[in-house]
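Take the sequence shown: its letter number 149 is residue 149 in the UniProt record's numbering, and every next letter is one higher.
Reading through the C-alpha cells given below for one structure.
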Amino acid sequence: MCVWSTETADGGLAAMFPQSRETARSKPGPMAGWQLGQRQPHFACLTDPQVGIEKLTYIGQAQLNGPSPRLTYLSVSDADLLNRTWSRGGNQQCLQYIAKLIACFPSVCVRDEKGNPVSWGITDQFATMCHGYTLPDHRRKGYSRLVALTLARKLQSRGFPSQGNVLDDNTASINLLKSVHAEFLPCRFHRLILTPAAFSRQAQL
C-alpha cells in the first residue's frame, strides 16, 4: 500500500485517471459516475475534539486482543470483495477503480482468524472516507466505529480533514456518525470532476 501524503497525492491521481474515467462512463451521473438519483448524500466532517480519535480502546479492546480479529489495512487482493459489497460496484470498471483506491490511498480493515476482511473503510482521491462496510455476520461488535475512527486518525496525521458522505437512507451509518459527534453540514454534496490535460495525455500513452 502506498503511503499517502500531500507529496504523493498527485501521483495517485495520475494513476487513478484511467479507472475513474471508465467508471464514470459505465455509470453516468455525478460523483465519479456513481448514479445516486434523488438519494443525495449528506456530507459529514469529524471535527469534534471529543470524538475520541486518540482513544481507540473505546470499543472493547479485548475484542482485538490476540491473533484475531486484528486491525490492519486492505490489499489489492481484497478489491473483489469490496466490489461485490458496494452498492455502486459489481462491474469490472468499479473493480479496477477500487483496486486503485486500495493501492494508492489509506484504508483500514478488521480481519478474522483466516485473514479475511470483515469490516473496512477506504479513502478516495479526494481524501474522502468512503465505502465503509461490515459483513452482516460481524455487525454490532463495534468494528465500524473502530474502522472509522482509525481511518480518520490516519487522514488527520497526514494533514487531511476527516470527511465523508453518507446517503440519506443509510440509518446505521448516520447513527454511527452522530455517536462520534460528526458535524453534518447543512448542504447537499455534489462533485465536479475535472481532469487536467497533463493527466489525460499521460493516460493515453
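Yeah, the Cβ is synthetic: ideal placement off N, Cα and C, and Gly gets one too.
If you check the CB distance, A148 and G121 come in under 8 Å. Residue pairing from DSSP places W120 in a beta bridge opposite C109, Y133.
For T128, there is no enclosing beta strand (DSSP E), as DSSP marks it with neither H nor E. Three or more beta-carbon pairs separated by less than 8 Å link the region 124-133 to the region 164-180, which places the two stretches in contact. For N91, the secondary structure class from DSSP, reduced to helix, strand or coil, is coil. Under the Cβ criterion (8 Å, minimum of three pairs), the region 134-145 does not count as touching the region 86-94.
Excluding residues up to 5 positions away in sequence, S119, G132, T134, L176 lie with their Cβ nearer than 7 Å to the Cβ of S144 in the same chain. Sorting L146, P106, F105 by C-alpha distance to the C-alpha of S179 places L146 at the top. In its chain, beyond the 5 residues on either side, M1, Y73, L74, L101, W120, G121, I122, T123, L151 have a beta carbon closer than 8 Å to the beta carbon of S107. With respect to the 8 Å criterion, P117 and C104 are not classified as neighbours on the basis of their beta carbons. Distance from the CA of K141 to the CA of P69, rounded to the nearest whole angstrom, comes to 11 Å.
Among the bridge pairs identified by DSSP, R70 is matched with R111.
According to the DSSP secondary-structure assignment, F160 is paired through a beta bridge with no residue.
Our two residues, D112 and L71, have alpha carbons roughly 9 Å apart in a direct line.
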